[in-house]
Every structure is written in structure tokens, then in C-alpha cells.
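In terms of the working numbering, the sequence shown is residues 205 to 364.
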Amino acid sequence: WILAVAAWAGAIWLARGLPPGGRLITLEANPAYAEIARANVARAGFGAMVEVRVGKAIDTLPGLAAEAPFDLIFIDADKEGTPSYFQWAVRLSRRGSLIIVDNVVREGAVLDAAGDANVQGMRRFFELAATDPRVSGTALQTVGAKGHDGLAILLVTSEP
205 WILAVAAWAG
215 AIWLARGLPP
225 GGRLITLEAN
235 PAYAEIARAN
245 VARAGFGAMV
255 EVRVGKAIDT
265 LPGLAAEAPF
275 DLIFIDADKE
285 GTPSYFQWAV
295 RLSRRGSLII
305 VDNVVREGAV
315 LDAAGDANVQ
325 GMRRFFELAA
335 TDPRVSGTAL
345 QTVGAKGHDG
355 LAILLVTSEP
């Protein structure tokens, strides 16, 4: 099972990696974006494997406890909320689950202690991840046409 927190744009890519019988749940706050996601997922042939749920991630994550654990959780939502999404991701995981957090470098701004709310969200996420004994991970910088950013990859090493 895969959970994507506000990552509907990548839902087709994630669905392509699912094994037979696998499922992907993606959360989207904007109903219009959710409809676009559903149409594109269906057009790509993954409609039966992917469920797009509408609502703010912080409100919908608690309702996923009955469907946990997830094997992979991809977080690409509002950056200010990332610390809370990370905490929920750990709760919804099991030993061996992967948690991937996108946009963690913020073109280097994550180094600025006085950064905006998005930077502060990423800094708090890193503080939580670094001190959580249930996870082990790293951050990778990416460079491309959109500038430079990065992602964090964390392995859940013990039961939440």
C-alpha cells in the first residue's frame, strides 16, 4: 500500500510501481485538482488501483489509521504542515516502510533560520526526523531545470 500526501501529480508514476493487488491512496485538498487527478489516473489505466481522497491532509490522515500500515508514504503537501505529516506518516507505517519527503532543500533556504513558513516547516521536519529513534534517513539534493531542491528518504527501523 502506498499513501501520497497531496501528490496527485505523481500518482500515475507511483501507481506504475505497484504490484498486482497494490493500492495507492492520494490526498488532495483542492476538489478541482482531485477531479483532474481522477480523470488522468483513469485515463492511464490505474483507476481501480488509485483512490483520490479530498480534504486537507491534516484532517484526513487520522482517518487512515484503520488502513495502515502503508509500505511507502510520499509527502509533497504544503511545506508548513510537513512536520505534522511526517509524524502521521510514522504512525501509519510499519518497520520497513519508506517515507519520502519532497522539496526539503528549498534552493538552500533550509539553512536560513529566519526563513519563511515553508522553510520553517522543513527545518522543523528535519529536527523531528533527526531525533525520532524509529527512523533512519538521509536527504538528497536535486538539480535540474527548476533549480535545486531535494528530498528526504527515511526508513522506518522499528515499529511505530
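Even glycine gets a Cβ: it sits at the ideal position worked out from N, Cα and C. Quick caveat: nothing in here was measured; it's all calculated off a predicted structure.
For residue i, does the three-state DSSP call read helix, strand or coil?
i, result
"E239", "helix"
"T230", "strand"
"A270", "helix"
"G221", "coil"
"G249", "coil"
"A261", "helix"
"A215", "helix"
Taking C-alpha atoms, which residue in the options lies nearest to residue i?
i, options, result
"W292", "A269, G325, A243", "A269"
"A281", "D275, F290, P273, F274", "F290"
"I229", "A272, S288, R247, G249", "A272"
"F365", "M253, R299, D306, Q345", "Outside the shown range of the chain (205 to 364) lies residue 365, about which nothing can therefore be said."
"K283", "L302, G267, I262", "I262"
"E363", "L302, I216, E239", "L302"
"L265", "S288, M253, R247, V245", "S288"
"A333", "R310, I304, H352, N322", "I304"
Can you tell me the Cα-Cα spacing of residue i and residue j, whole angstroms?
i, j, result
"G341", "W205", "20 Å"
"D320", "P224", "42 Å"
"T335", "Q324", "17 Å"
"G251", "L276", "19 Å"
"G226", "G249", "14 Å"
"R298", "V339", "11 Å"
"V360", "V294", "7 Å"
"G285", "G267", "17 Å"
"R247", "V254", "12 Å"
"L344", "L358", "11 Å"
"V209", "A356", "15 Å"
I'd like the ranges of any beta strand (DSSP E) spanning at least 3 consecutive residues and lying wholly in the region 272-347.
You should have 276-279, 302-306.
Contact between the region 249-261 and the region 228-241: three or more CB pairs below 8 Å?
Because the criterion of three Cβ pairs below 8 Å is met, the region 249-261 and the region 228-241 touch.
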